[in-house]
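Here the protein sequences line up with chains A and B, keeping their order.
For the first sequence, numbering that gives the first Met the number 0 begins at 0 and goes up steadily by one.
For the second sequence, numbering that gives the first Met the number 0 begins at 0 and goes up steadily by one.
From the three backbone atoms N, C-alpha and C, an ideal C-beta is built for every residue, glycine too.
Quick caveat, the model's predicted, so the values are computed rather than measured.
Presented below is the structure to which this report refers.
There are 2 protein chains.
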Amino acid sequence: MPFDFNRETLKLISDRFKTLAEPMRLELLHALKAGEKTVSELVEETGAGQANVSKHLGLLHRHGWVERRKKGLNVYYRICDPMVFQLCELVCASIDAEVESRRRTLRRV
Amino acid sequence: MPFDFNRETLKLISDRFKTLAEPMRLELLHALKAGEKTVSELVEETGAGQANVSKHLGLLHRHGWVERRKKGLNVYYRICDPMVFQLCELVCASIDAEVESRRRTLRRV
DNA sequence: GAGGGATATGCCGGAAAAGTAATACAGTAA
DNA sequence: TTACTGTATTACTTTTCCGGCATATCCCTC
């Protein structure tokens with residue numbers, strides 16, 4: 000077991016969850032699943048403002064979810080750790096479980 | 000694949016991450032790992048205010064992470080879906096990976 | 001029913017974070 | 001150098017959320 004769950008560690012973990020707790024950032028990560036892309040491409044794809052996209056990418060980069068590479072005027076971002084998709088899949092499963100649980104509750108089964 | 004990642008789905012997923020993006024809630028979940036506990040016990044264990052603990056538990060409950068059971072004056076909370084600990088372990092692994100990555104970067108390896 | 005303990009809820013102030021616009025910075029081309 | 005493009009950063013506004021206080025609600029005991 001690499002961690003004991005003191006306050007400091009819990010803060011680290013929650014910070015990491017917080018990074019994923021924004022639809023726009025998830026959208027960016029999902030867009031990058033297909034391969035590395037420039038900021039402009041991501042702006043185009045998401046329809047969000049350039050400053051906004053840039054800030055979210057910066058945050059994802061600071062937290063180690065994406066890496067970047069400069070090429071001329073462009074900056075290419077790419078997924079650093081595909082584990083993020085495992086996390087999303089687990090969360091999706093938990094959403095399924097929640098929906099199913101509520102269904103059972105409603106049916107009084 | 001149960002989900003396609005449209006805006007609505009991304010909102011659902013991010014909401015779920017957001018629920019875990021708070022040290023206090025992680026601490027509560029961790030405390031409940033040992034078994035179901037009352038609000039008072041959790042207040043005692045965490046040292047937080049009663050209203051605060053109650054609100055966090057309510058949020059965790061609304062999002063399907065914990066279940067509750069009333070017994071006399073007390074309300075017993077318990078983990079609903081142990082998957083949350085899988086998520087934490089994955090995040091811990093990603094923290095390790097990030098630390099290691101930064102180490103490599105600093106060493107220019 | 002009255003009193004008291006356990007839990008939930010509503011309100012408020014402050015901190016954190018998101019979005020936007022404007023601007024600064026870097027790289028390219030002429 | 002000058003002009004232009006892509007990206008990052010800053011300042012500002014608005015929204016969201018946590019924590020604390022007071023209070024309401026529920027349930028037990030007497």
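Residues that residue i bridges to, as DSSP identifies them
{"i": "N73 of chain A", "result": "A:K70"}
{"i": "V65 of chain A", "result": "A:I78"}
{"i": "T37 of chain A", "result": "A:Y75"}
Cutoff 7 Å: residue i Cβ touching any chain A Cβ
{"i": "E97 of chain B", "result": "yes"}
{"i": "K17 of chain B", "result": "yes"}
{"i": "S13 of chain B", "result": "yes"}
{"i": "I78 of chain B", "result": "no"}
{"i": "H29 of chain B", "result": "yes"}
{"i": "L9 of chain B", "result": "yes"}
{"i": "F4 of chain B", "result": "yes"}
Proximity test, residue i beta-carbon vs the ligand SAH heavy atom, cut-off 6 Å
{"i": "Y75 of chain B", "result": "Although the ligand SAH was asked about, the structure shown includes no ligands whatsoever."}
Beta-carbon proximity of residue i to residue j, cut-off 7 Å
{"i": "V83 of chain B", "j": "R15 of chain A", "result": "no"}
{"i": "L72 of chain B", "j": "E26 of chain A", "result": "no"}
{"i": "V52 of chain A", "j": "V65 of chain A", "result": "no"}
{"i": "I12 of chain B", "j": "C87 of chain A", "result": "yes"}
{"i": "A20 of chain A", "j": "A20 of chain B", "result": "yes"}
Below-7 Å beta-carbon distance, residue i vs any chain B residue
{"i": "P22 of chain A", "result": "yes"}
{"i": "K36 of chain A", "result": "no"}
{"i": "E26 of chain A", "result": "yes"}
{"i": "G63 of chain A", "result": "yes"}
{"i": "L58 of chain A", "result": "no"}
{"i": "L86 of chain A", "result": "yes"}
{"i": "V42 of chain A", "result": "no"}
{"i": "V90 of chain A", "result": "yes"}
{"i": "S93 of chain A", "result": "yes"}
Close beta carbons around residue i, own chain, < 7 Å, minus the five adjacent residues each side
{"i": "P22 of chain B", "result": "none"}
{"i": "P1 of chain B", "result": "In this prediction, P1 of chain B has a pLDDT of 45, which is less than 50 and means its spatial position is unreliable; what the coordinates show is noted afterwards. Around P1 of chain B: no qualifying Cβ."}
{"i": "L31 of chain A", "result": "V65, Y76, R77 and I78"}
{"i": "E44 of chain A", "result": "A30"}
{"i": "E97 of chain B", "result": "none"}
{"i": "K70 of chain B", "result": "none"}
{"i": "P81 of chain A", "result": "none"}
{"i": "R67 of chain B", "result": "H60, V74, Y75 and Y76"}
Neighbourhood of residue i by C-beta distance below 8 Å, restricted to the same chain and skipping five residues each side
{"i": "H62 of chain A", "result": "D14, R15 and T18"}
Proximal residues to residue i (C-beta, below 6 Å), its chain only, five neighbours per side dropped
{"i": "F4 of chain B", "result": "none"}
{"i": "E7 of chain A", "result": "none"}
- Message: If contact is defined by three or more beta carbon pairs under 8 Å, each pair taking one atom from either stretch, is the region 73-90 of chain A in contact with the region 31-44 of chain A?
- Response: yes
- Three or more C-beta pairs below 8 Å linking the region 41-59 of chain A and the region 57-68 of chain B: Too few Cβ pairs lie closer than 8 Å, so no.
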